[in-house]
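See below for the structure under consideration.
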Amino acid sequence: MFVLTRFVMLSLVLASGTLSADENAGQDLPAKEFYDPEVVQTVHLEVSAENLSKLQSALPERIYVPATFRWNDTTVASVAVRYKGNSSSNPRQRFKRSFLIQFDRYEKTQRFMGLQRVSFDNGIQFGSLFSERILTDILRDLKQPVHRCNHARLFLNGNFHGVYVNVERIDDVFLTTRFGSAKGALYKADEGGPGSDFSLIPPEVIQKHGTGFEPKTDAADKHAADVMELIHAIHKTPPAEFAHELSRRMDVESFLRVMPVMLYGGAFDQLTGWNPHNYYLYRNPQDDRWHYLPWDLDVGFSDRAFGRIPVIDGWHAAWPVPQGPPRPLLEHILQNEELLERYRVLADSILEKYFHPEVLIPKLDVLYEKIRDDLA
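FYI, in our numbering the residues of the sequence shown are 146 to 521.
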């Protein structure tokens with residue numbers, strides 16, 4: 146297999162690329178023009194000076210304030226805007242901040258092209274505006290239910306505020322268009338709390354500290370009891386029954402495709418990495434199985450993240466259990482001969498098709514050319 150350390154050269158060019166748009170996205174996805182992968186969008190936000198001051202002074206708390214949103218000839222008044230993400234919550238953040246716009250917070254039936262929310266990620270924290278686009282394009286080509294994204298020029302009160310990654314949200318609209326139903330339990334593992342690495346949590350810890358899973362739909366339980374049941378089954382199922390039981394409870398084929406993409410791309414804050422968070426779990430009522438949905442993929446291809454995380458040299462993607470705390474789901478999969486063999490076949494195919502530098506670099510160059518003049 147191709148040696149992972151050759152990605153050193155990729156980490157250099159990523160800060161300086163497109164895979165083809167997903168053809169299986171279906172005809173019913175909303176806002177196709179807004180997420181057109183060939184277009185760099187232009188978006189205007191109008192926020193009063195008073196409300197901008199409120200956003201800043203509230204940090205690290207992220208509060209919503211009223212704003213007006215404009216895209217092309219479409220203007221949506223009375224939207225809600227807040228800063229988005231942990232880095233943008235830091236009052237000492239020196240760079241442009243990420244934004245989340247919610248269209249239905251003040252007007253419950255209000256939508257923008259069928260969307261409830263849109264978000265604009267700064268793409269700065271890990272030095273790449275391209276990771277999210279690269280990784281989601283690969284996942285989409287692998288027929289995975291993944292959010293869409295492209296780039297956008299953001300203007301704040303008429304002034305150019307920078308190039309952002311225009312990222313589709315995982316919400317009711319996403320669930321309905323990808324799974325046919327938003328009535329299942331959706332959880333977000335956001336802060337890396339108890340259980341987000343799929344470790345067993347004692348009931349008393351759950352009662353006192355909760356879990357790392359934030360309920361996002363009405364069907365989701367406050368204490369994530371159904372997720373705890375899944376985790377318990379992963380730990381307690383006899384080895385001879387594990388592959389069958391896991392496949393009954395979880396879309397394993399999908400997860401086995403996501404695993405190598407996250408590992409080869411260096412997405413260190415996924416379940417495959419050192420600090421598992423930034424993912425969703427959705428229990429689709431149509432098949433009663435859990436689906437792993439990666440999120441916030443701006444960390445990809447970033448070696449020495451935070452100046453200390455050795456993404457390239459720190460793990461061997463052919464054996465995808467990173468150093469550090471246990472990763473029970475990964476470990477149980479790799480201890481099962483049937484699942485391990487399936488993973489190896491998929492991982493080898495994905496590596497050869499998507500991750501050779503001679504495949505990635507030209508596509509990165511295309512992405513860069515689209516926004517180069519706006520980065521000057």
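We treat Cβ as the ideally placed atom computed from N, Cα and C, and that holds for glycine.
How about residue i and residue j: are their beta carbons less than 9 Å apart?
i: GLY410; j: PHE500; result: yes
i: PRO175; j: LEU260; result: yes
i: ASP441; j: GLY268; result: no
i: VAL308; j: HIS292; result: no
i: ASP371; j: ALA330; result: yes
i: PRO473; j: HIS380; result: yes
i: PRO205; j: SER234; result: yes
i: THR281; j: LEU320; result: no
i: ASN311; j: PHE275; result: no
i: GLU313; j: MET258; result: no
i: VAL188; j: LEU299; result: yes
i: PHE358; j: ALA385; result: no
i: HIS436; j: SER392; result: no
Using C-beta distances below 7 Å, list every residue in its chain close to residue i, excluding the 5 sequence neighbours before and after it, in chain order.
i: ARG487; result: LEU401
i: ASP316; result: GLN261 and ARG262
i: HIS477; result: ILE379 and PHE387
i: PRO430; result: SER326, LYS328 and GLY329
i: GLN238; result: SER232
i: GLU390; result: ALA378 and THR382
i: HIS306; result: LYS241, LEU299 and PHE300
i: PRO236; result: LEU204 and PRO205
i: GLN415; result: MET407, PRO421, ASN423, TYR424 and PRO439
DSSP on residue i, reduced to helix/strand/coil?
i: HIS189; result: strand
i: GLU359; result: strand
i: SER243; result: strand
i: MET395; result: strand
i: LEU438; result: strand
i: GLN172; result: Note on GLN172: pLDDT 49, under 50, position unreliable in the model; no value is reported.
i: LYS498; result: helix
i: SER223; result: strand
i: GLY267; result: Before going further, note that residue 267 is Asn rather than Gly in the sequence given. Of the three classes helix, strand and coil, the one that applies to ASN267 here is coil, per DSSP.
i: ARG278; result: helix
i: TYR513; result: helix
i: VAL403; result: helix
i: PRO473; result: helix
i: ARG237; result: coil
i: ALA412; result: coil
i: LYS184; result: Checking the sequence shown, residue 184 turns out to be Val, not Lys. Correct three-state label for VAL184: coil.
i: PHE248; result: coil
i: GLU313; result: strand
Would you tell me roughly how many angstroms separate the C-alpha atoms of residue i and residue j, rounded to the nearest one?
i: THR322; j: ASP173; result: 7 Å
i: MET154; j: SER447; result: Since pLDDT at MET154 reaches only 37, below the 50 mark, its modelled position is unreliable, and no value is offered.
i: ASN217; j: ILE283; result: 29 Å
i: PRO471; j: PRO421; result: 11 Å
i: VAL226; j: GLU483; result: 48 Å
i: ILE506; j: ALA364; result: 43 Å
i: LEU408; j: GLU191; result: 39 Å
i: ASP167; j: VAL490; result: Any answer about ASP167 is weak, because its pLDDT of 39 lies below 50 and its placement is not dependable; what the coordinates show is given next. Those two C-alpha atoms are separated by around 23 Å.
i: ILE346; j: TYR425; result: 19 Å
i: LEU512; j: VAL444; result: 17 Å
i: THR219; j: VAL184; result: 17 Å
i: LEU475; j: ASP518; result: 43 Å
i: ALA203; j: GLN186; result: 29 Å
i: ILE376; j: ILE279; result: 30 Å
i: TYR427; j: GLU503; result: 35 Å
i: GLY303; j: GLU514; result: 24 Å
i: GLY337; j: PRO360; result: 14 Å
i: LEU479; j: LEU197; result: 50 Å
i: ALA194; j: SER341; result: 39 Å
i: PHE147; j: VAL224; result: Low per-residue confidence applies at PHE147: pLDDT is 38, beneath 50, and the placement is therefore not dependable, though the value from the model is reported in the following sentence. Spanning the two alpha carbons is a distance of roughly 48 Å.
Is any non-hydrogen atom of the ligand FAD found closer than 8 Å to the C-beta of residue i, if you look at the structure I gave you?
i: LYS241; result: As far as ligands go, the structure on display features none, and thus does not contain the ligand FAD.
With a threshold of 6 Å on Cβ separation, who are the neighbours of residue i within its own chain once the five nearest residues in sequence on each side are excluded?
i: PRO255; result: The identity of residue 255 in the sequence shown is Gln, whereas the question assumes Pro. Once the five neighbours on either side are set aside, the close Cβ partners of GLN255 are PHE248 and ASP249.
i: PRO405; result: ALA492 and ILE495
i: LEU287; result: ARG402
i: ILE351; result: HIS368
i: PRO290; result: ARG323
What does a CB cutoff of less than 8 Å around residue i pick up in its chain, not counting 5 residues either side in sequence?
i: ILE208; result: LYS199, LEU200 and ARG227
i: ARG394; result: LEU375, ALA378, ARG434 and TRP435
Within 9 Å of any Cβ in chain D, is that where the Cβ of residue i sits?
i: ARG314; result: No chain D appears in this structure, which consists of one protein chain only.
Q | Whole runs of the beta strand (DSSP E) within the region 330 to 354, excluding any shorter than 3 residues | A | 330 to 334
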